[in-house]
Amino acid sequence: MNSILFFSIANHNLTVVGADGSYTKPVTRDCITISQGQTLDALLLTNQPVGQYYMAARAYSSSPAVAFDNTTTTAIVQYNNRNSTPFSSPPILPYLPYYNDTNAAFNFFDSLRSLANEDHPIDVPKNITTRLISTVSVNTFPCPNNSCEGPNGTRLAASMNNISFVDPTTIDILEAYYYHINGVFREGFPDFPPLVYNFTGEDLPLILQTPKRGTKVKVFDYGSIVECIFQGTNLVAGIDHPMHLHGFSFYIVGRGFGNFDRDKDPLNYNLVDPPHRNTVTVPISGWTAIRFKANNPGKYS
Numbered sequence: 003m004n005s006i007l008f009f010s011i012a013n014h015n016l017t018v019v020g021a022d023g024s025y026t027k028p029v030t031r032d033c034i035t036i037s038q039g040q041t042l043d044a045l046l047l048t049n050q051p052v053g054q055y056y057m058a059a060r061a062y063s064s065s066p067a068v069a070f071d072n073t074t075t076t077a078i079v080q081y082n083n084r085n086s087t088p089f090s091s092p093p094i095l096p097y098l099p100y101y102n103d104t105n106a107a108f109n110f111f112d113s114l115r116s117l118a119n120e121d122h123p124i125d126v127p128k129n130i131t132t133r134l135i136s137t138v139s140v141n142t143f144p145c146p147n148n149s150c151e152g153p154n155g156t157r158l159a160a161s162m163n164n165i166s167f168v169d170p171t172t173i174d175i176l177e178a179y180y181y182h183i184n185g186v187f188r189e190g191f192p193d194f195p196p197l198v199y200n201f202t203g204e205d206l207p208l209i210l211q212t213p214k215r216g217t218k219v220k221v222f223d224y225g226s227i228v229e230c231i232f233q234g235t236n237l238v239a240g241i242d243h244p245m246h247l248h249g250f251s252f253y254i255v256g257r258g259f260g261n262f263d264r265d266k267d268p269l270n271y272n273l274v275d276p277p278h279r280n281t282v283t284v285p286i287s288g289w290t291a292i293r294f295k296a297n298n299p300g301k302y303s
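Residues 3 to 303 (our numbering) make up the sequence shown, in order.
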């Protein structure tokens with residue numbers, strides 16, 4: 003599953019009441035959006051005439067430069083026909099947004115709010131002790147004789163803050179950390195992008211497409227109050243990026259399009275009832291801000 007999906011059931015509404023295991027304020031829509039790695043809890047009211055209704059899903063694709071499966075998958079919701087008479091008409095197809103409807107996708111994401119009531123209180127981190135701003139990019143590495151299948155014979159890659167992660171092959175990072183084994187990883191993952199440019203600009207210099215390789219980690223003190231801003235870039239092909247954090251759920255306090263403004267954008271953060279999730283989507287040519295408390299020791303990606 004490499005795509006965000008639009009999902010709908012013909013002539014029916016869905017009421018979302020939970021996301022990634024956390025309660026949300028009820029949101030009723032005729033079409034919902036789900037990203038890679040996410041879960042939604044939705045209620046369906048079966049209040050339509052006896053008949054058959056298609057449920058359908060279609061991929062959302064944010065970039066015309068990236069191939070995707072442009073088919074619509076369907077299944078049938080069927081109401082019991084007590085008279086056992088054949089259905090006289092074919093199932094009804096639901097409305098689904100167009101495959102590149104970014105507004106439809108992110109309007110739904112941004113409509114979700116934590117329930118945040120007396121019975122289900124939340125604790126949004128306020129006093130930030132560690133702030134991390136990281137670019138998330140599609141990249142390329144050169145191949146011998148331009149023999150790979152990426153652009154101009156390169157190999158596609160990905161990076162955060164211009165570092166493409168190299169997974170150790172001989173020993174686990176956490177084991178190396180506890181037993182002080184050198185040469186497995188390096189601390190000092192950068193808190194800010196080492197290369198500053200117009201991240202969401204067009205026609206970016208090709209030299210920016212090739213990142214460094216490394217096994218760099220960010221070490222948080224136990225109990226740190228962390229804010230991470232993920233900044234999408236338009237390198238190679240600007241696309242949306244699903245971001246999952248193992249070991250934690252976090253509050254999505256802000257999201258927007260364009261380059262993150264450290265002075266202005268935090269003024270619009272939702273610190274009252276932000277959604278509490280473990281997977282978030284960084285929009286194409288945009289950014290997302292999350293907050294969490296680092297209180298679950300371990301190694302997480």
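Here a beta-carbon is modelled for each residue, glycine too, at the ideal position from N, C-alpha and C.
Thinking GLY203 and ASN236 are a contact (beta carbons under 8 angstroms), I'd like their distance in whole angstroms, please. Position 201 of the sequence shown, counted from the start, is the residue given in the question as residue 203. Position 234 of the sequence shown, counted from the start, is the residue given in the question as residue 236. About 6 angstroms separates the beta carbons of GLY203 and ASN236, which is inside the 8 angstroms limit, making them a contact pair.
Pick from SER37, ALA106, ILE124 and PHE187 that is closest to VAL274, judged by C-alpha positions: In the sequence shown, residue 274 corresponds to position 272, counting from 1. The shortest C-alpha separation from VAL274 is found at ILE124.
Quick check: the Cα distance between GLY152 and THR35, rounded to an integer number of angstroms? Stepping through the sequence shown from its first residue, residue 152 is reached at position 150. Stepping through the sequence shown from its first residue, residue 35 is reached at position 33. Taken atom to atom, the span from the alpha-carbon of GLY152 to that of THR35 is near 29 angstroms.
So, with DSSP's three-state summary, where would you put ALA178? To locate residue 178, count along the sequence shown from 1; it is residue 176. ALA178: helix per DSSP, three-state reduction.
Mind checking whether GLN50 and PRO93 have CB atoms under 7 angstroms apart? For this step, residue 50 is matched to residue 48 along the sequence shown. For this step, residue 93 is matched to residue 91 along the sequence shown. At the C-beta level, GLN50 and PRO93 stay beyond 7 angstroms of one another.
From which residue to which residue does the alpha helix (DSSP H) around ASN141 run? For the purposes of this step, residue 141 is taken as the residue at position 139 of the sequence shown. Boundaries around ASN141 are those of the beta strand (DSSP E), 132-143, since no alpha helix (DSSP H) includes it.
So, helix, strand or coil for THR17, using DSSP? Locating residue 17 in the sequence shown gives position 15, where the first residue counts as 1. Reduced to three states, the DSSP call for THR17 is strand.
Any contact between the segment 263-279 and the segment 193-207? By contact I mean 3 or more CB pairs, one from each, below 8 angstroms. With the rule of 3 Cβ pairs closer than 8 angstroms, the segment 263-279 does not count as touching the segment 193-207.
I'd like to know if THR217 contacts chain D, where contact means its C-beta is closer than 7 angstroms to some C-beta of that chain. Absent from the structure: chain D. Only one protein chain is present.
Taking the beta strand (DSSP E) that ASP275 belongs to, which residues open and close that run? As a first step, residue 275 must be located in the sequence shown, where it is residue number 273. Where ASP275 is concerned, there is no enclosing beta strand (DSSP E), given that its DSSP letter is neither H nor E.
Counting C-beta neighbours from all protein chains within 10 Å, is the total for ASN141 16 or more, i.e. buried, or is it exposed? Position 139 of the sequence shown, counted from the start, is the residue given in the question as residue 141. The residue is buried, with at least 16 neighbouring Cβ atoms inside 10 Å.
Going by alpha carbons, who is nearest to TYR101 out of LEU117, ASP71, TYR81 and SER90? For this step, residue 101 is matched to residue 99 along the sequence shown. Cα-wise, what sits closest to TYR101 is ASP71.
Looking only at its chain, what residues have a beta carbon closer than 8 angstroms to the beta carbon of SER113, apart from the 5 residues adjacent to it on each side? Translated into the one-based positions of the sequence shown, residue 113 becomes position 111. Here the set comprises VAL29 and ARG31.
Excluding the 5 residues flanking ARG157 on each side, which residues of the same chain have their C-beta closer than 6 angstroms to its C-beta? As a position in the sequence shown, residue 157 is number 155, starting the count at 1. If you ignore the 5 residues before and after ARG157, its C-beta comes within less than 6 angstroms of the C-beta of PHE143, CYS145 and CYS150, all in its own chain and listed in chain order.
Measure how close the beta-carbons of LEU117 and THR26 come, nearest whole angstrom, since I'm counting them as under 8 angstroms. Your numbering for residue 117 matches position 115 in the sequence shown. Your numbering for residue 26 matches position 24 in the sequence shown. Right, their Cβ atoms sit about 6 angstroms apart.
Segment contact flag, the segment 237-244 with the segment 277-286, C-beta cutoff 8 angstroms, min 3 pairs: In short, these stretches touch, since the Cβ pair count reaches three.
Taking 6 angstroms as the limit between beta carbons, can you name the residues of its chain near THR41, skipping five residues before and five after? Along the sequence shown, one-based indexing puts residue 41 at 39. ASP22, listed in sequence order.
Only counting the same chain, and skipping five residues up and downstream in sequence, which positions put a Cβ closer than 8 angstroms to that of PRO299? What you label residue 299 is simply residue 297 of the sequence shown in a count that begins at 1. Exclusion of the five residues before and after PRO299 leaves TYR224 as the residues of its chain whose Cβ lies within less than 8 angstroms of its Cβ.
Taking a contact to mean a Cβ-Cβ separation below 7 angstroms, would you say ALA291 touches VAL255 in this structure? The residue labelled residue 291 in the question sits at position 289 within the sequence shown. The residue labelled residue 255 in the question sits at position 253 within the sequence shown. Contact: yes.
Here's a check: name, in chain order, each residue in its chain whose Cβ is nearer than 6 angstroms to the Cβ of ASP43, leaving out the five neighbours to either side. Position 41 of the sequence shown, counting from 1, holds the residue named residue 43. Only VAL19 and GLY20 meet the Cβ criterion.
Please state whether DSSP places GLN80 in a helix, a strand or coil. For the purposes of this step, residue 80 is taken as residue 78 along the sequence shown, with counting starting at 1. Shown here, GLN80 sits in a strand according to DSSP, grouped into three states.
With 16 other Cβ atoms within 10 Å as the buried cut-off, status of GLY185: The residue you call residue 185 lines up with position 183 of the sequence shown. GLY185 should be labelled exposed.
Using the three-state DSSP reduction, which class does LEU269 fall into: helix, strand or coil? Counted from its first residue, the sequence shown places residue 269 at position 267. If DSSP states are grouped into helix, strand and coil, LEU269 belongs with the helices.
Just the C-alpha distance for GLY216 and PHE187, rounded to the nearest angstrom, thanks. Locating residue 216 in the sequence shown gives position 214, counting from the first residue. Locating residue 187 in the sequence shown gives position 185, counting from the first residue. Near 8 angstroms, if we compare the C-alpha coordinates of PHE187 and GLY216.
In the DSSP assignment, what are the bridge partners of TYR29? Your numbering for residue 29 matches position 27 in the sequence shown. It should be noted that the sequence gives Val, not Tyr, for residue 29. VAL29 is bridged to VAL18.
Please report how far the alpha carbon of PHE222 lies from the alpha carbon of THR132, in whole angstroms. On the sequence shown, position 220 is the one that residue 222 refers to. On the sequence shown, position 130 is the one that residue 132 refers to. C-alpha of PHE222 to C-alpha of THR132: approximately 8 angstroms in a straight line.
Considering only DSSP beta bridges, list what ASP43 is partnered with. On the sequence shown, residue 43 is found 41 positions in, with the first residue counted as 1. Per DSSP, GLY20.
Three-state secondary structure (DSSP) of ALA118: Within the sequence shown, the letter at position 116 stands for residue 118. The answer is coil: DSSP assigns ALA118 none of H, G, I, E or B.
PHE259 lies in the beta strand (DSSP E); which residues open and close that run? What you label residue 259 is simply residue 257 of the sequence shown in a count that begins at 1. First-last of the beta strand (DSSP E) with PHE259: 252-259.
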